[in-house]
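Notes for the one structure printed next.
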Ligand code: 3PG
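Numbering (full-length UniProt numbering), first residue to last: 4 to 403.
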């Protein structure tokens, strides 16, 4: 982007593909980390006198307008954070978008509506995607890719549009790629990885990669029950991906052969029903040994003994990558495991990277100081796929 700005771009229309896919509760943004992350790029373009067109997806609407997924709250937040007016267009490639862009003066910004309100954005059909990208291209003279969280998606605005316009990487993408490169190229050991989140099936590729590189893999979140089941434990009514048990057994075997340590909880916090995440009222819950989960028990967090063990496993690590919460951190009764891991990263003197929409949001929602971590990635799936060594469509298109 510095190269673009050095060319003198005042008055040019620049399309910034951001990832403004932020969590919302009743239309209110609960974590604006992804919005703040793209501000350096927006500020630089505004200061260079560019007419900035900002675009993103939000959530997974079904290819048609859906007010629940409007980008308006994100547009308003950009305006608040930059302290300047931001125009908002209620469509993507229609008259409202063109009117908003035509009305921009140098140094002004417009946000267009959620790209996924158009079926062409996510279409698997190259022609349909290409057609939408072509229509988007009429809104701008130059493309800047800065939506790191979406670079693993082969979508019109991520993959096809940069092929139609002169294209550059924004500051966020440059920073994210620089950090993740360190985790794949010259990682300092011991290298500990903490994996959480709901489904083990989302993590298979990254576990494959890590079995060749990491020294320790600490597991929590909903996916841990498939690991416990793979060890022959009863997991009660906890989340379980039964079809993945043989895959996990194979991973445990490979890890033992390679000297990679899988760290699993020795105790878990269970409840009899799933907590109300809105009311956050106190629940009935108990801590049980990981091999003694009652038949009607739903595991919702790692227990206190496991929290201490995990912290000890992270204490001497020179590099830590963490993706996925350890429990249902949105409820205070089940947030301690995630808090303990976040604290262990804060206390670490190593290079600590938080990757993932949910764990990044958890860090901020639980009140941790972001500057206490070496890097908090804005990419969930994107950072995992990067670590797997996959070619990411949004990066490939920019490099082309
Ligand atoms: C994310 O939240 O990981 C990105 O914004 C991509 O969203 P998606 O998984 O809906 O494509």
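Cβ atoms here follow ideal geometry from the backbone N, Cα and C, with glycine treated the same way.
The closest heavy atom of the ligand 3PG lies 6 Å or more from the beta carbon of residue 205. Per the DSSP secondary-structure output, residue 221 pairs in a beta bridge with 197, 266.
Proximity to the ligand 3PG was defined by a C-beta distance below 6 Å to any of its heavy atoms, and the residues meeting it, in sequence along the chain, are 22, 24, 63, 152, 153, 156, 360, 383, 384. Taking C-beta atoms under 8 Å as the contact rule, residue 306 and residue 272 qualify, at a distance of about 6 Å. Closest option to residue 300, judged by alpha-carbon separation, among 308, 290, 172: 290.
Pairing residue 116 with residue 94 gives a Cβ-Cβ distance under 7 Å. Linking residue 140 to residue 38 through their CA atoms gives a straight-line distance of about 23 Å. Judged by DSSP in its simplified three-state form, residue 23 adopts coil rather than helix or strand. Take the alpha-carbon of residue 197 and the one of residue 154: they are about 23 Å apart. The three-state reading of DSSP puts residue 397 in helix, counting H, G and I together. In the structure shown, the three-state DSSP call for residue 171 is strand.
Residue 17 sits close to residue 48, with the two beta carbons spaced by under 7 Å. DSSP assignment within the stretch 130–165 yields the following whole beta strand (DSSP E) runs of 3 residues or more, N-terminal first: 145–148. Using a Cβ distance threshold of 7 Å, residue 57 and residue 21 count as a contacting pair. Residue 264 and residue 211 have their C-alpha atoms spaced approximately 14 Å apart.
Check the Cα spacing between residue 207 and each of 393, 9, 399: the tightest is with 393. For the 7 Å CB-CB criterion, residue 194 and residue 168 do not form a contact. Judged by DSSP secondary structure, residue 94 falls outside any alpha helix (DSSP H); it is assigned neither H nor E.
For the options 322, 390, 33, the alpha carbon positioned closest to that of residue 382 is the one of 390. When secondary structure is reduced to three states using DSSP, residue 56 falls in the strand class. Secondary structure at residue 209: helix, using DSSP grouped into helix, strand and coil.
Counting other Cβ atoms within 10 Å of its Cβ, residue 277 stays below 16 and is therefore classed as exposed. Of 172, 320, 242, the smallest CA-CA separation from residue 275 is found for 242. Between residue 109 and residue 13, the C-beta spacing is below 7 Å. In the DSSP assignment, residue 349 falls within the unbroken alpha helix (DSSP H) covering 339–350.
In the structure shown, residue 331 falls within a coil segment according to DSSP collapsed to helix, strand and coil. With respect to residue 340, residue 223 sits close: the two C-beta atoms are nearer than 7 Å. Remark: C-beta atoms of residue 82 and residue 72 do not approach each other more closely than 7 Å. Counted as a single uninterrupted DSSP element, the alpha helix (DSSP H) harbouring residue 5 occupies residues 5–9. Cβ contact annotation for residue 335 (same chain, cutoff 7 Å, sequence separation greater than five): 283, in chain order.
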